[in-house]
Structure formats: structure tokens, C-alpha cells
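Oh and the sequence shown: position 89 is 88 in numbering that gives the first Met the number 0, straight run, nothing missing. Even glycine gets a Cβ: it sits at the ideal position worked out from N, Cα and C.
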Amino acid sequence: MLTVASGWIAGPARKEFKPKYGLCELAWYDKPPDEDYWEDFPVSTALKGESRIKYKELISLANELGCDDWDRLYKVCQDLRYGAEIGCKGLPRLPTQSGNAPSAYKFGKQVSDAIADWIKKGFAAGPYKADEVPLEAKINSIMCREKPNGSVRIILNCSAPAGMSVNDGIRKEDFPTEMSSTNKWLAVLEKVGKGAWMAKVDWSDAYKHIHVHESDLNLQWFSWLGKYFKELCLMFGNASSPGIYDRAAKAVLDLVLRKSKFPKDWVCQHLDDTAAACPKDSDEITTFDKTYQEVAERLGIKLAPRDDPEKAFEKSTHGIVFGVEYDTIDWTWAIPTEKLAKIADQIKNILGKQEERQEEIKSIVGRIIHVKPLVIDGRFHMDHLMELNSVSDNSKDLVELTESFKKQLYFWYILLTTCSGKATIPTPVPAQPAWAVDCYTDAAGGSMDGPGKGTGSVIPEFGWWTYMPWSVEINSGKWLSEGKKVSRKMSALELMGPLITISAASRSLAGKHVTFWVDNQGSCMIWRRGYSNSCKLSNTIVKAIATVAASIGSRVEISKITRCSEQWSTLADQLSQGNFSRILEENTGTKFDPTPAQIPKSILKWAVRPTVSDELGMDILKELASNQEILGINC
Numbered sequence: 000m001l002t003v004a005s006g007w008i009a010g011p012a013r014k015e016f017k018p019k020y021g022l023c024e025l026a027w028y029d030k031p032p033d034e035d036y037w038e039d040f041p042v043s044t045a046l047k048g049e050s051r052i053k054y055k056e057l058i059s060l061a062n063e064l065g066c067d068d069w070d071r072l073y074k075v076c077q078d079l080r081y082g083a084e085i086g087c088k089g090l091p092r093l094p095t096q097s098g099n100a101p102s103a104y105k106f107g108k109q110v111s112d113a114i115a116d117w118i119k120k121g122f123a124a125g126p127y128k129a130d131e132v133p134l135e136a137k138i139n140s141i142m143c144r145e146k147p148n149g150s151v152r153i154i155l156n157c158s159a160p161a162g163m164s165v166n167d168g169i170r171k172e173d174f175p176t177e178m179s180s181t182n183k184w185l186a187v188l189e190k191v192g193k194g195a196w197m198a199k200v201d202w203s204d205a206y207k208h209i210h211v212h213e214s215d216l217n218l219q220w221f222s223w224l225g226k227y228f229k230e231l232c233l234m235f236g237n238a239s240s241p242g243i244y245d246r247a248a249k250a251v252l253d254l255v256l257r258k259s260k261f262p263k264d265w266v267c268q269h270l271d272d273t274a275a276a277c278p279k280d281s282d283e284i285t286t287f288d289k290t291y292q293e294v295a296e297r298l299g300i301k302l303a304p305r306d307d308p309e310k311a312f313e314k315s316t317h318g319i320v321f322g323v324e325y326d327t328i329d330w331t332w333a334i335p336t337e338k339l340a341k342i343a344d345q346i347k348n349i350l351g352k353q354e355e356r357q358e359e360i361k362s363i364v365g366r367i368i369h370v371k372p373l374v375i376d377g378r379f380h381m382d383h384l385m386e387l388n389s390v391s392d393n394s395k396d397l398v399e400l401t402e403s404f405k406k407q408l409y410f411w412y413i414l415l416t417t418c419s420g421k422a423t424i425p426t427p428v429p430a431q432p433a434w435a436v437d438c439y440t441d442a443a444g445g446s447m448d449g450p451g452k453g454t455g456s457v458i459p460e461f462g463w464w465t466y467m468p469w470s471v472e473i474n475s476g477k478w479l480s481e482g483k484k485v486s487r488k489m490s491a492l493e494l495m496g497p498l499i500t501i502s503a504a505s506r507s508l509a510g511k512h513v514t515f516w517v518d519n520q521g522s523c524m525i526w527r528r529g530y531s532n533s534c535k536l537s538n539t540i541v542k543a544i545a546t547v548a549a550s551i552g553s554r555v556e557i558s559k560i561t562r563c564s565e566q567w568s569t570l571a572d573q574l575s576q577g578n579f580s581r582i583l584e585e586n587t588g589t590k591f592d593p594t595p596a597q598i599p600k601s602i603l604k605w606a607v608r609p610t611v612s613d614e615l616g617m618d619i620l621k622e623l624a625s626n627q628e629i630l631g632i633n634c
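Following this line, the structure appears as C-alpha cells:
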């Protein structure tokens with residue numbers, strides 16, 4: 000049973016909530032108050048909303064500077080002029096009513112203040128009495144999420160009621176979004192280098208910059224304290240809102256880049272967050288930041304103030320981008336204390352259970368996916384998390400927590416709490432240097448048609464080679480994995496070549512960059528991703544490769560050979576067919592040993608009857624440690 004130490008660093012004290020409006024504080028928020036409560040409440044009877052962004056100025060600026068996607072710009076201008084159509088079609092447009100979530104009542108004072116602010120800013124209309132609500136109105140449930148400043152973000156649960164919700168009537172593929180990520184931002188930092196200048200721009204009330212077409216407004220009602228309100232702009236919680244907003248944000252960013260002449264590959268935009276960086280000996284970041292401010296002012300876009308560095312900041316070598324704190328001078332990353340405390344507490348809470356709601360598993364796995372690129376080789380510790388991440392389509396279903404899931408979750412607890420603020424900013428996709436050792440491997444599918452089917456490997460630089468035949472059980476198709484014969488799991492079989500080579504040639508490859516060339520794109524993709532959702536045997540093998548490589552200090556890449564008829568790949572292919580006489584016949588100037596390298600017994604034993612295991616790599620290392628120094632075993 001896994002246990003976690005009870006002590007943990009608490010996050011900074013949450014700021015005291017300061018309401019914008021002098022509303023009477025109620026003892027309860029789950030039933031209507033006296034009518035005099037509404038006397039000081041803002042009122043709006045607006046029939047439709049109005050977009051903040053000036054579409055005529057957007058067109059004018061595009062005509063001045065050019066545009067990389069005129070079709071997108073046309074759609075954006077249609078949204079801004081007439082209101083965005085949210086895409087809900089069919090039966091889900093029929094009226095329904097959903098009750099508010101417990102979170103709304105828990106933070107009732109903040110919810111009332113936020114609704115009042117919406118009314119004042121023109122984002123919503125109300126309050127209405129029940130008899131003033133159209134018969135066609137769809138009453139959505141309110142949920143809320145607390146913000147660091149003590150206020151809340153109101154979310155309309157557009158996924159309820161199940162089967163008849165607004166989101167059930169929306170095809171998300173009609174509203175695509177191109178999100179950024181931690182990995183993409185790491186790529187930007189890799190380009191601009193140590194000491195880079197950074198800046199971040201954030202839109203205030205981002206979704207509220209675009210109003211909704213009047214034909215869809217009856218889908219945007221909600222109820223609070225016995226009164227009714229109607230959202231006039233894009234709803235937070237609506238499946239189409241991110242896509243509608245994203246195309247507007249990208250159209251604006253395109254104009255900023257054109258006007259500032261700032262390199263596109265130095266910028267990442269994730270919905271309303273836009274982060275940019277430039278080399279330390281350049282001041283282009285100032286030009287970009289100033290241009291964004293000027294374009295936003297001309298178009299009517301309201302940007303977040305610079306008093307909260309987590310939201311936005313000007314030119315700096317230190318800042319928070321997509322929830323991660325970066326210092327480009329020290330070249331380190333950190334998860335902000337409060338956020339890290341939440342992740343740690345969430346993990347500890349889950350580890351103490353035998354089962355957990357699907358939505359809670361999705362929540363913690365989503366957070367880990369976001370920070371995964373910060374941990375070198377973290378991708379090899381994701382397969383069990385991803386397996387339980389999608390057990391049920393019902394977010395409320397309880398999912399049994401496996402011991403493998405818990406071990407992997409504990410790994411992330413240790414790594415994140417240990418590395419945050421101390422670890423170096425990693426290279427997202429490390430390129431192998433020109434002096435990397437090239438290894439060529441190939442595998443044949445298991446078959447009883449001819450003897451000797453297996454996997455072969457050659458390292459021309461060392462005159463090294465080896466060969467391992469498949470077991471009778473594999474060749475005969477006896478062993479199954481995920482309902483498929485192991486003899487036909489080619490991605491897994493192809494990965495056996497790199498595992499055998501990094502293990503059997505560990506002395507020669509220790510401390511070196513190593514590139515394995517294989518003839519299977521699936522194997523390459525599984526290695527780069529770190530796991531496969533469909534082949535657990537592949538997960539066993541890539542984890543073993545990563546474990547052995549890390550312990551001997553090797554940096555491994557597995558790449559697809561471009562020419563399968565190339566000399567060394569052809570030789571590896573011949574070995575996989577059992578034709579090792581080619582090694583002796585090959586007149587290449589490379590002196591190959593007449594006998595193959597010895598393969599560790601732990602691999603031979605596992606290959607007789609391949610099973611899913613997280614321990615194969617350690618089994619190999621324990622064997623290797625008997626005659627060589629292995630990090631983590633001998634030391």
C-alpha cells in the first residue's frame with residue numbers, strides 16, 4: 000500500500016474577497032431572498048448583446064497589413080457584426096431546466112457580485128421574474144470556480160441535462176481550436192535561448208468580447224435566487240465558445256505579428272493568453288508588446304492589467320506562462336506554490352482511496368499532462384494514468400484505482416514536488432548530435448513458415464551485431480496480448496531490437512547519444528509519445544529501454560529509416576530472417592565479430608512468454624550490474 004507523508008507546504012493565503020457592488024450578504028443562497036434584496040441590484044432589459052471588438056476597424060487593419068486567412072477573418076467579422084451562432088441544433092434546443100451546482104451556493108456572495116458585474120458590463124440581461132421568461136428558454140445550471148483574488152468564475156453547465164443539453168446539440172469539430180501547450184512554449188524558449196526576454200498578454204473577460212446571435216439567446220438563460228438572467232455573449236462552459244473565440248484571437252494575433260514584424264515561431268497563443276520571447280540581445284519583445292497594446296486599443300479589446308503577473312506581464316526574464324513559472328537567467332522552471340499545493344493535495348487525496356470519480360481522475364491526469372514536458376522522460380510514466388483517464392463516459396462513475404495507477408501517480412507527486420524551482424528547463428525534442436552512434440535493428444513477424452524468424456541488430460561503428468529468434472510460442476501465434484497474436488504486434492516486436500541492443504551493448508553505448516533506425520513508424524511514435532493506448536507490450540518495452548538508457552547515461556532516439564534498402568538496414572533485415580551468414584559475407588570494411596553479442600538472460604526469459612510489466616527494465620539492470628557499474632543499482 001502506497002503512503003504519502005502527511006506534511007506539505009501550504010499555498011499562500013487566499014486574498015480576501017472584495018465585492019464590486021454593495022449587495023446585502025445573505026445567510027443562505029439556495030432559496031429566494033426578500034424582494035428588497037433586488038433594490039440595489041443592477042438591471043438590464045437588453046434584447047441582444049454587442050461585441051466589444053470593432054469589426055470595421057478589424058477589416059481596415061487587415062486591408063492595411065494583409066491577412067494570412069481571409070476566410071477566417073470573414074467568419075470573425077460575421078460573428079462581431081451579427082453575433083456568433085453557437086451551433087446547437089436539433090432536440091437539444093428544446094427548453095429544459097437544470098438546478099444549480101453546490102459550488103454556486105458555497106460561494107453565493109461572490110456569484111451574486113459576478114452576475115451584477117455582468118449586468119453592469121452588458122454581458123447579461125436581467126433580473127427577470129418567472130412569468131417574464133420566454134417559454135422557449137433553456138435554463139442552464141450555474142457552477143463556479145474560485146479565483147486567487149477571492150472572486151469566482153461563473154460557468155454555465157451546458158452539458159446538462161444529459162442528452163438534451165446545449166452541448167449535446169453542438170458538433171465540436173465545427174468549431175476547431177488550435178491550442179498551445181507547455182511543450183510548444185519550451186520550443187520557443189529553446190529557439191531564443193538562455194537569458195531570453197519574455198512578455199505575456201491576456202484578454203480581460205475574453206469570451207465576452209463576442210456577443211451571441213439573437214436566434215441562440217434563448218439557449219443562454221440561468222436562474223439565481225429565484226430570478227432569471229440571460230447571457231448575451233459567449234458562455235464559459237459552451238462547447239463552441241473556445242473555437243469561436245480562438246478564431247478571433249488568432250486573427251488579431253496575425254495582425255499584431257504583421258505590424259510588429261515579430262517572428263511567428265517566437266510566440267505561443269492559448270485562447271486568451273499570448274506569450275512571446277526573444278533573445279537576450281534583442282528588444283523585439285518590447286516592439287511586440289507595444290504593438291499588441293496599440294492594436295487592442297484600436298480594435299476595442301480590453302486587456303488584463305499588469306498588476307497580476309500570473310495574468311500578464313511586460314518585458315521580463317521571469318514570468319508565469321500557461322501556469323508554469325520560468326526564469327530564463329537561471330534557466331529553471333517552477334509550478335507556482337499555490338498551484339503545486341493543489342496538485343499535491345489532490346494526489347494525496349486520491350492515493351488514499353480505492354476508487355475515485357472519473358471526473359476527478361480526468362482532472363489530475365489533465366494537470367499532469369500539462370506539466371509532463373517539464374520532466375525529462377516523464378512520458379514513460381503516463382500509460383497507467385491514461386488507461387484510467389477514459390474508463391467511463393460518465394464523469395460521476397466510480398473507477399477502481401489500480402496499484403499501477405497509484406504508483407505512477409506517486410511518481411509524479413515525488414518528481415513535481417522535488418523538481419519545481421530546481422530543475423533545468425528541458426529541451427522539448429532533443430536533437431541527436433552528428434556524432435550519435437547509429438544502430439540498425441529490424442524484426443520479422445512471428446511465423447512457422449520458415450525457421451529463424453526474430454530480431455537482428457547491427458552497430459557498424461563497433462562491428463557489433465546480435466540476433467534473437469522468436470520463441471516457438473510466438474512463432475506459432477500461441478501468445479495473445481489485447482486479443483491479438485503477439486506474432487503480429489509489429490510495433491512491439493520492432494521495439495525489441497533497440498531494447499536488446501541498449502542492453503547487450505551497454506558497455507559500448509554507456510554515456511553516448513544513440514540513434515536506433517527501425518522500419519516501423521508506429522514504434523517511433525510510441526517511443527516519442529512514451530506509451531501506447533492500444534499495446535501494453537509496447538509500453539513494457541519502451542519503459543525498459545528508457546530505464547536502461549537512463550542508468551547507463553545514454554540519450555536514445557528511435558527514428559524511422561528512410562531507405563529500407565540502405566546497406567545496414569538491409570543487413571539487420573537479413574538477421575531478422577535468420578540469415579546471419581550475411582554478416583560474414585558483408586564486404587564493407589567493417590570487421591564484424593563472427594559470433595553475435597550475448598543477450599541478457601532477463602530479456603531472453605521475458606521474450607519466451609511476453610507479459611505486461613513495469614519491472615522489465617530493472618530486471619535487466621540487476622543482471623547487468625553483476626559485471627558493470629549501473630547507476631541506481633551499484634551506486
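Item: Helix, strand or coil at Y127 according to DSSP, with G and I counted as helix; Value: strand
Item: Y20 in three-state terms, based on DSSP; Value: coil
Item: CB contact flag (L508, V457, <9 Å); Value: no
Item: Sub-9 Å separation of A311 and K137 beta-carbons; Value: no
Item: Residue(s) in a DSSP beta bridge with A103; Value: Bridge partners of A103: none, in fact.
Item: Same chain, Cβ closer than 6 Å to K17, neighbours up to 5 away in sequence not counted; Value: none
Item: Helix, strand or coil at A195 according to DSSP, with G and I counted as helix; Value: coil
Item: Proximal residues to Y127 (C-beta, below 8 Å), its chain only, five neighbours per side dropped; Value: K226, Y227, F228 and K229
Item: Residues of its chain near I342, where Cβ-Cβ distance is below 6 Å and the 5 sequence neighbours each way are ignored; Value: R366
Item: Every unbroken alpha helix (DSSP H) inside the stretch 381 to 420 [4 residues or more]; Value: 382 to 388 and 402 to 418
Item: For W516, the residue or residues it bridges with in DSSP; Value: Y439 and S558
Item: Classification of N586 by the beta-carbon crowding that lies within 10 angstroms, buried from 16 upward; Value: With a pLDDT of only 48 at N586, under 50, the local geometry of the prediction cannot be trusted, and the value read off the model is given with reservation. N586 should be labelled exposed.
Item: Per-residue DSSP class, three states only, for K310; Value: coil
Item: Residue span of the alpha helix (DSSP H) that contains R378, given as start and end; Value: It is not in any alpha helix (DSSP H) - R378 carries neither H nor E in the DSSP assignment.
Item: Given 8 Å, three or more beta-carbon pairs between the stretch 255 to 272 and the stretch 281 to 289; Value: yes
Item: Proximal residues to K207 (C-beta, below 6 Å), its chain only, five neighbours per side dropped; Value: F122 and C232
Item: Residues that DSSP places opposite P468 in a beta bridge; Value: G453
Item: Beta-carbon separation (whole angstroms), S102 vs C143, contact threshold 8 Å; Value: 5 Å
Item: Residues of its chain near Q431, where Cβ-Cβ distance is below 6 Å and the 5 sequence neighbours each way are ignored; Value: H512, T514 and E556
Item: Y54: first and last residue of the uninterrupted alpha helix (DSSP H) it sits in; Value: Y54 to L64
Item: Straight-line Cα distance separating S240 from L46; Value: 20 Å
Item: Residues bridged to F228 [DSSP beta-bridge criterion]; Value: F221
Item: Same chain, Cβ closer than 6 Å to L384, five either side skipped, listed in chain order; Value: V364 and Q407
Item: CB-CB length for D441 against T454, believed under 8 Å; Value: 7 Å
Item: Rounded separation between G192 and V42 - CA only; Value: 52 Å
Item: Residues sharing a beta bridge with M142, DSSP; Value: I154
Item: Counted within 10 angstroms of its Cβ, other Cβ atoms place I154 as buried (16 or more) or exposed; Value: buried
Item: For P599 and I619, believed in contact at Cβ under 8 Å, the rounded distance; Value: 5 Å
Item: Rounded Cβ spacing between L218 and R51 (contact assumed at less than 8 Å); Value: About 21 Å; that fails the 8 Å criterion.
Item: Exposure label - D527; buried when at least 16 CB within 10 Å; Value: Rather than Asp, the amino acid found at residue 527 in this sequence is Arg. Exposed, by the Cβ-count rule.
Item: Sequence-distant residues of the same chain with beta carbon closer than 6 Å to E493, five excluded per side; Value: A442, V517, N519 and S522
Item: For T331, the three-state DSSP class (helix, strand or coil); Value: strand
Item: Residues near T176 by beta carbon distance below 6 Å, same chain, minus five either side; Value: P241, G242 and D245
Item: A340 to E358 span [Cα, whole Å]; Value: 20 Å
Item: Run of the alpha helix (DSSP H) containing R246, from where it starts to where it stops; Value: S240 to S259
Item: Option in P335, S362 and T331 with minimal Cα separation from Q345; Value: S362
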